Amino acid sequence: MQLDPTDRKILTLLQDDAQLTIKEIASKINLSVTPVHERIKKLEKEGFIDKYVSLLNRRKLGKSLVVYCNVTLDKQRKESFEDFNQAIVNMSEVLECSVVSGNFDYMLKVIVEDGEAYNQFYQQKLSALKSVLHISSYFVISEIKYTTGIEVV
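Taking UniProt numbering, the leading residue of the sequence shown gets 1, the next gets one more, and so forth.
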């Protein structure tokens, strides 16, 4: 499916505010409700829209510390990667985990309450994994840009 300019406008609006009603979207792009509804359903069906979520304020929830971790595994074997992947999926502190190229194997984004909570996570969960050889932690001092939006061109 190719996106036309109207589809792009709809996606941009929904990214900015997923609570917009179909009527509100239709008004903003000068279409009637029915075609907007049909386009949104098609965008969902075709996988352009994965899901609708609420972005929570981590500070209000007491999760003020963001840490990026670079993790190197002890062996570059399929089993090590599978074991690590399975363990990370079950760690609620880890918001993002990516396999990367370069001097380490994974990059994690971890969100916790404070330094003590990170130390517990580090010692009891992350470094306790038998496949982990090395962990480098980077504590976020200030966020310059934070967005979940993807440019729809």
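Built from N, CA and C at the ideal position, the CB exists for glycine as well.
Computed from a prediction, not measured in an experiment: that's the story for all the values here.
Might you give, ordered along the chain, the residues of its own chain that have their beta carbon closer than 6 Å to the beta carbon of residue i, omitting 5 neighbours on each side?
i     : result
Glu46 : Met1
Ile49 : Leu43
Glu93 : Val110, Val112, Phe121
Ser98 : Met107
Is the distance from the Cβ of residue i to the Cβ of residue j below 8 Å?
i      : j      : result
Phe104 : Thr72  : yes
Ser127 : Ile135 : yes
Thr148 : Leu55  : yes
Gln15  : Ile144 : no
So residue i packs on residue j, CB below 8 Å; how close in whole Å?
i           : j      : result
Asp7        : Arg39  : 6 Å
residue 173 : Ser131 : Past the boundaries of the shown model lies residue 173; the chain is included only from 1 to 153, so the question cannot be answered.
Going by DSSP, what residue range makes up the beta strand (DSSP E) through residue i?
i      : result
Phe139 : 132 to 139
Thr72  : 65 to 73
Tyr146 : Taken as a continuous stretch (DSSP letters only), Tyr146 belongs to no beta strand (DSSP E), as it is neither H nor E.
Ile111 : 106 to 112
Glu96  : 94 to 99
Can you find the residues in the same chain that come closer than 8 Å, C-beta to C-beta, to residue i, ignoring five residues on each side of it along the sequence?
i     : result
Ile10 : Ile25, Ile29, Val36, Arg39, Ile40, Leu43
Leu3  : Leu11, Phe48, Val152
Asp83 : Leu129, Lys130, Ser131
Ile22 : Val33, Val36, His37, Ile40
Quick one: what's got a C-beta closer than 7 Å to residue i's C-beta in the same chain, skipping five residues either side?
i     : result
Asp51 : The amino acid occupying residue 51 in the given sequence is Lys; Asp does not appear at that position. None.
Along the chain, where does the alpha helix (DSSP H) containing residue i start, and where does it finish?
i      : result
Glu44  : 33 to 45
Ala87  : 78 to 89
Phe121 : 115 to 121
The ligand HEM heavy atoms versus the CB of residue i: any closer than 7 Å?
i     : result
Asp50 : Judged by which ligands are present, the structure shown has none, so any question about the ligand HEM falls away.
Original post:
Is the stretch 60 to 76 in contact with the stretch 109 to 116, if contact means three or more CB pairs nearer than 8 Å?
Top reply: Yes, since at least three Cβ pairs between the stretch 60 to 76 and the stretch 109 to 116 fall closer than 8 Å, the two stretches touch.
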